[in-house]
Structures are given as C-alpha cells and as structure tokens.
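A.B. asks: For reference, the structure I am asking about is given below.
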Amino acid sequence: SQLAEENLWALSVHEGESVTVNCSYKTSITALQWYRQKSGEGPAQLILIRSNEREKRNGRLRATLDTSSQSSSLSITATRCEDTAVYFCAKGGGGANTGKLTFGHGTILRVHP
Amino acid sequence: EAAVTQSPRSKVAVTGGKVTLSCHQTNNHDYMYWYRQDTGHGLRLIHYSYVADSTEKGDIPDGYKASRPSQENFSLILELASLSQTAVYFCASSGGGVYAEQFFGPGTRLTVL
C-alpha cells in the first residue's frame, strides 16, 4: 500500500520546548493530514495541508509540506504535558471521493514536566 | 456531544465466536470507516461505506464483514473470531472528498481468548 510514514517512533521533550515530527511519503498527494491520538481516545485531526501549500498553522502547531522531497513536518512550540500523544500523518488514496486515508505508524511524543 | 460513538467500549470474546462491533454517527456524513490499531502500527482500514446497504473492502478485509443498515449506523462483524484479531477497533465518519477530515469514535478494545 502507499504509506505515509513518520520517521521516528518516539520523542521526549520537557514542557516549554519545541519539537518536530517528520513524515515521508512515497507517491504524489493531494493533501496530507496530521492527527493526534491521546491515550484512550480516537485520533483527531490537527491540520490538513494541501499539495499547493508550503506551510499551515494552527495555534502552536505548524505543518510544512515539501512535495519535491515528499516530506512533511509538524512542529509544536511551547509544548505542554497535554501534548503527550501519538502523532500520525495520513495521506489520501483510493479514489477522489472516498475520503480514504492511509496512516503512518505514528510517533509517540512524551512531554515531561 | 460525541458525534461518533462505539459500542461496546471493550469486549472479551472466545476463539471461534461471533463478535459484532457497532458504530453510530450524528455527523450526517455519507462515509464511514472501520480501522484496527495494533501496537506499533498505525490505523489500518478494514471496510468502509459511502451509502446505506453498501460496503467496500479496505486494505485488510479478510476475516471481517461490515454492515451499513442506515446512514447513521455501521457495524463490523467477526464471524469466527481469532486470536490475531485482538486489537483496538476505531470507527470514523467523513463527508468524503480528497480534503475530508475523518471524525473518530473512542474505540473498542477487543480481546480474543
């Protein structure tokens, strides 16, 4: 299958620090989505970045997209303990209207006090 | 109020038994999806549906059936549960389209003994 993949399995930072999660993909995309999954919950979308966009922001979150290198990053500034979660990138596929997504394996982020 | 709900939240089943997982959405979305999540993996798509009374195979459909009796309800059926189907199962809904966000339920933890 055509996977989006995060580059690291786990990251650990202290509160207040910044952190970046990276993702690479192998085929062309129309858009890339970032999701966050907190313990015991389902994933929730953070940012959608379209193929013609280079950067997208949402509060303390910033996503970038480089279609030439087929990579994306999600940066979180001023991290908080509640940012502790698994972060996924996801790409679409399987037809224009299905809304199907293929998720990467996820990066575990732990933010320590 | 939660827009995608799942029941049960957890279940223990015996090998060879039948298991039905239920999902209900109030988003008025056409598309619904069933994923499984295993430790070390992202979410993998089992089945999806874009209209009542119709279902489509996802990336890992073997051993699973799906049923969409109405726009709001989508069930995942394991006719003969096996040990390898122990996982957390998530249901999601979306409006479809290449930029569609998926809205997830809280998940069902299934343990097959």
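Protein chains in written order, with the numbering used here: chain A, 1 to 113; chain B, 114 to 226.
Using N, Cα and C, we set each Cβ at its ideal position, and we do this for glycine too.
#1: Output the distance between the C-alpha atoms of Ser28 (chain A) and Gly130 (chain B), rounded to the nearest integer angstrom.
#2: Hey, is the stretch 54-61 of chain A in contact with the stretch 70-78 of chain A, meaning 3+ C-beta pairs nearer than 8 Å?
#3: Reducing DSSP to helix, strand and coil, say where Asp143 (chain B) ends up.
#4: Chain B beta carbons: is any one of them nearer than 9 Å to that of Arg50 (chain A)?
#5: Should Lys38 (chain A) be labelled buried (16 or more other beta-carbon atoms within 10 Å of its own) or exposed?
#6: Would you mind giving the Cβ-Cβ distance between Asp172 (chain B) and Arg157 (chain B), rounded to the nearest angstrom? I have them listed as a contact below 8 Å.
#7: For my contact list, Ala126 (chain B) and Val225 (chain B) are in at a C-beta cut-off of 8 Å; report their separation, rounded to the angstrom.
#8: How would you list, in chain order, the residues of chain B whose beta-carbon sits under 7 Å from the beta-carbon of Ala31 (chain A)?
#9: Note down the Cα distance separating Glu17 (chain A) from Cys23 (chain A), rounded to an integer number of angstroms.
#10: Which residues, taken in chain order from the stretch 149-160 of chain B, show a beta carbon closer than 7 Å to some beta carbon of chain A?
#11: From Leu65 (chain A) to Leu46 (chain A), what distance separates their C-alpha atoms?
#12: For Lys170 (chain B) and Pro219 (chain B), what's the separation of their Cα atoms in angstroms?
#13: Between which two residues does the beta strand (DSSP E) containing His112 (chain A) stretch?
#14: Per DSSP, what kind of secondary structure is Leu196 (chain B) in: helix, strand or coil?
#15: Throw me the rounded Cβ distance for the Gln215 (chain B) and Leu101 (chain A) pair, which I believe falls under 8 Å.
#16: To the nearest angstrom, how far is it from the Cα of Glu82 (chain A) to the Cα of Val111 (chain A)?
C.D. replies: The short version:
#1: Answer to the nearest angstrom: the Cα atoms are 42 Å apart.
#2: Contact check between the stretch 54-61 of chain A and the stretch 70-78 of chain A: three or more CB pairs, one atom from each, fall below 8 Å, which counts as touching.
#3: coil
#4: yes
#5: Counting Cβ neighbours within 10 Å, Lys38 (chain A) comes out exposed, since fewer than 16 surround it.
#6: 6 Å
#7: 5 Å
#8: When 7 Å is used as the limit between beta carbons, Ala31 (chain A) is near these residues of chain B: Val211 and Tyr212, in chain order.
#9: 20 Å
#10: Gly153, His154, Gly155, Leu156 and Leu158
#11: Each residue's Cα considered, the two are about 15 Å apart.
#12: 22 Å
#13: Following the DSSP letters along the chain, one finds His112 (chain A) inside the beta strand (DSSP E) bounded by residues Thr107 to His112.
#14: In this structure, Leu196 (chain B) counts as helix in the three-state DSSP scheme.
#15: 6 Å
#16: 8 Å
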